[in-house]
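A.B. asks: Quick one: this structure, given as structure tokens, is what I'll be asking you about.
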Ligand SMILES: [Zn+2]
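Numbering (UniProt numbering), first residue to last: 1 to 93.
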């Protein structure tokens, strides 16, 4: 089971068992868990920029967090250092 499937199953579970009944503490716990799970699904950074070194060769890739808009994240950052969103740089090759 990956994170996406876990989110779907949790959503179904709580819809079936708690639909219409007030469960404020549980709702909050689930919301926190879901939020953490969502951040484990890699998202592509925004405003991707390729950084070249002084001789014009590829140096690194830079971008902004797609969730909290944190700027100045680098390809070496697997997670956003502000909100913890997992980042997907793989499409850059
Ligand atoms: Zn972020």
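Glycine included, each C-beta is placed from N, C-alpha and C at the ideal position.
Taking only the alpha-carbon atoms, compute the straight-line gap between residue 37 and residue 63 and give it to the nearest angstrom.
C.D. replies: By one-based count along the chain shown, residue 37 stands at place 37. By one-based count along the chain shown, residue 63 stands at place 63. Rounded to the nearest angstrom, the two C-alpha atoms are 22 angstroms apart.
A.B. asks: Could you check where the beta strand (DSSP E) with residue 47 kicks off and where it finishes?
C.D. replies: Sequence index remark: in the chain shown, residue 47 carries index 47 (1-based). Counting along the chain, the beta strand (DSSP E) containing residue 47 begins and ends at 46-52.
A.B. asks: Thinking C-alpha only, which one of 89, 1, 79 is nearest residue 49?
C.D. replies: Numbered from its first residue, the chain shown carries residue 49 at position 49. Of 89, 1, 79, the residue nearest in Cα terms is 89.
A.B. asks: Distance check for residue 2 and residue 61, CA to CA, integer angstroms please.
C.D. replies: By 1-based counting over the chain shown, the position of residue 61 is 61. By 1-based counting over the chain shown, the position of residue 2 is 2. The alpha-carbon atoms of residue 61 and residue 2 are separated by roughly 27 angstroms.
A.B. asks: Measuring from the CB of residue 103, is there a heavy atom of ligand 1 at a distance below 7 angstroms?
C.D. replies: The displayed coordinates of the chain run from 1 to 93. Any statement about residue 103 would go beyond what the structure contains.
A.B. asks: So is residue 73 buried or exposed if we call it buried at 16+ other beta carbons inside 10 Å?
C.D. replies: Here residue 73 refers to the residue found at position 73 when the chain shown is read from its first residue. Residue 73 should be labelled buried.
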